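In UniProt numbering, the protein residues as written are 1 to 557. Positions of the beta carbon are idealized from the N, C-alpha and C atoms, including for glycine. Keep in mind it's a predicted model, so treat the numbers as computed, not measured.
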């Protein structure tokens, strides 16, 4: 790289020899260090020398038009810059906040210029076009945004996010370009709900739907030179972007009063929230095509061994924010509830995979194994289980509240009419056992709240099904603990067993014979007890006479 720096040190017109030196130096660096994550920490160079390299690269990329470098050299320069930016050390000209209003802003727009986003931004009639330089510039810009939150804020506040969305309207982009533009939109909206709402209103969701649908149908394939990207990665990026765009219209984000936990984005201000559910439904219609394409991906993609992973997890994160009633024809087209069945399958498999030790609860090893809940805390694809599972539960709750058909299917699959009530309802490995167990967890609080809310939405009589004791914590949080446990009528609640009178209203289990005997004894009058005592004495006397037993008095023992 020293020859590269020397070749750029002159202020005169660039010669052919300098061009050859620069191109050769850049190619050599890429060949040796294309997969390197650090150059200073790895001892390849020093921080001060790396700063010189960065400054020289920025000089090359910002050269006077009269000394313009070839597209190949410019692309090589961007590629080397991207490698160096992987490590923040020595990148003061790009990442240091004290230079924020000067260098950082200029570097960001320099990348945008090479990516052709500035042209789209300044004149909407100029279409975005993709070439090698644009691809490398988009990669550099994406890496800058990933590395530094301050740059993301600057990017969100600019018109570049809208320019990226405008560029995505072109319906003939390559796979890599779709991925990079989607990532820019995701990074530009994930911390700015106002920008997300604006892009949704402008129709960005239809652009994402177009490419997601083309990928699903095999119309968009990888190019010969796109070895750095893959179809699954592009699908995941589109779904992540859809999630970021959907957050402002989620029910919990809008109302700020939902009892559901806030999983993403932290506390919401009233100024950011949309005004009412009518506005939410109206804006939600903008997701019609994207939702349809997402459902296709969700239902047709085979499940991984641990199913709550991409692309299904990304799809769930987006879908849980969307309204159900205003999009019912899309959710359940022609009464097709495949998505509901697939979701229950995902939930069941996930619970059995994440909490496998529950299979040993009744294996004779003792109750301690069940009570030690810390053993069950785990991660799914790098995400804590208490964060990974709730989105699916929230999605199911939305269906239960918004569509009667979906609610009946969820009731049938999650809380069937005939369950084993001969033992505690939370003992066992069925999805019903898991759900009731999770209602009472004291360590996985978000799962607990989401499971309880889901069952409350699905069942007409929650207490009658799970028992007052199992539902006590949820009822207390809802301010309903003071209400007496009700007995549901079988004609009104199909999920409760027909022999409701034999079910303990506290535990939800069948009343055991000894419980019935004790209850009958407690309800006897004194005269009835004396008669029962006499019957018992007569029976003992007969058994003694027949030699079946030998009565030994206490003082004779």
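Residue closest to residue 235, alpha-carbon to alpha-carbon, out of 250, 216, 227: 216
Residue 61 versus residue 105 - alpha carbon distance: 15 Å
Reference residue 161, options 148, 135, 109, closest by Cα: 109
At least three beta-carbon pairs within less than 8 Å, the region 199-212 to the region 164-180: Look at the beta carbons and you see the region 199-212 touching the region 164-180: at least three pairs across the two are nearer than 8 Å.
Residue 246 versus residue 126: straight-line alpha-carbon distance, rounded: 29 Å
Every unbroken alpha helix (DSSP H) within the region 114-199, with a cutoff of 4 residues, ordered by chain: 117-122, 132-147, 149-157, 160-167, 175-189
Buried or exposed by the 16-neighbour rule on C-beta atoms within 10 Å, applied to residue 479: Counting every other CB atom within 10 Å of its CB across the protein chains shown gives residue 479 a total below 16, marking it as exposed.
Whole runs of the beta strand (DSSP E) within the region 64-89, excluding any shorter than 3 residues: none
Member of 412, 175, 195 whose CA lies at the smallest distance from the CA of residue 218: 175
Cα-Cα separation between residue 445 and residue 469, rounded to whole angstroms: Those two C-alpha atoms are separated by around 18 Å.
For residue 380: DSSP bridge partner residues: 383
DSSP state of residue 337 mapped onto helix, strand, coil: Correct three-state label for residue 337: coil.
Rounded straight-line distance, which links the Cα of residue 530 to that of residue 541: 17 Å
Assigned secondary structure, residue 503 (DSSP; H/G/I helix, E/B strand, else coil): strand
Residues near residue 239 in its chain [Cβ-Cβ closer than 7 Å; skip 5 each side]: 294, 311, 314, 315, 318
For residue 111 and residue 568, believed in contact at Cβ under 8 Å, the rounded distance: Nothing about residue 568 can be reported from this structure: the residues present for the chain run from 1 to 557 only.
For residue 149 and residue 25, the rounded distance between their alpha carbons: 32 Å
Same chain, Cβ closer than 8 Å to residue 303, five either side skipped, listed in chain order: 312, 345, 346, 349
Backbone CA spacing between residue 269 and residue 193 [nearest angstrom]: Because the pLDDT at residue 269 is just 43, under 50, the model does not fix this residue reliably, and the value given afterwards should be weighed accordingly. Going from the Cα of residue 269 to the Cα of residue 193 covers about 11 Å.
Burial state of residue 537 (16 or more Cβ within 10 Å): exposed
Start-end ranges of the alpha helix (DSSP H) lying completely within the region 376-452, minimum 4 residues: If we require 4 residues or more, the alpha helix (DSSP H) runs fully inside the region 376-452 come out as 385-388, 390-402, 404-414, 431-438.
Opening and closing residue of the alpha helix (DSSP H) in which residue 229 lies: Taken as a continuous stretch (DSSP letters only), residue 229 belongs to no alpha helix (DSSP H), as it is neither H nor E.
Beta bridge counterpart(s) of residue 510 as assigned by DSSP: 503
Residue 278, buried or exposed, once every other Cβ within 10 Å from all chains shown has been counted against 16: Under the 10 Å beta carbon count, residue 278 is surrounded by fewer than 16 other beta carbons and is classified as exposed.
C-alpha gap between residue 525 and residue 539, whole angstroms: 21 Å
Environment of residue 416 [buried if 16+ CB atoms lie within 10 Å]: exposed
Other residues of its chain near residue 232: CB distance less than 8 Å, five sequence neighbours each side excluded: Closer than 8 Å at Cβ, skipping near neighbours: 310, 311.
Proximity below 8 Å, CB of residue 241 to CB of residue 185: yes
Complete runs of the alpha helix (DSSP H) confined to the region 284-360 [at least 4 residues]: 288-300, 312-319, 328-331, 338-354
Proximal residues to residue 327 (C-beta, below 8 Å), its chain only, five neighbours per side dropped: 284, 285, 287, 288, 291
Residue burial classification, residue 464 (beta-carbon count within 10 angstroms, cutoff 16): Taking all protein chains in view, the Cβ of residue 464 is crowded by 16 or more other Cβ atoms within 10 Å, so the residue is classified as buried.
Residue 35 (DSSP reduced to helix, strand or coil): coil
Whether residue 237 touches residue 152 by CB criterion (8 Å): Result no, Cβ atoms of residue 237 and residue 152 do not sit closer than 8 Å.
Residues near residue 506 by beta carbon distance below 8 Å, same chain, minus five either side: So the list reads 467, 468, 469, 485, once near-sequence residues are dropped.
Buried versus exposed call for residue 129 [16 or more other C-beta atoms within 10 Å across all chains shown]: exposed
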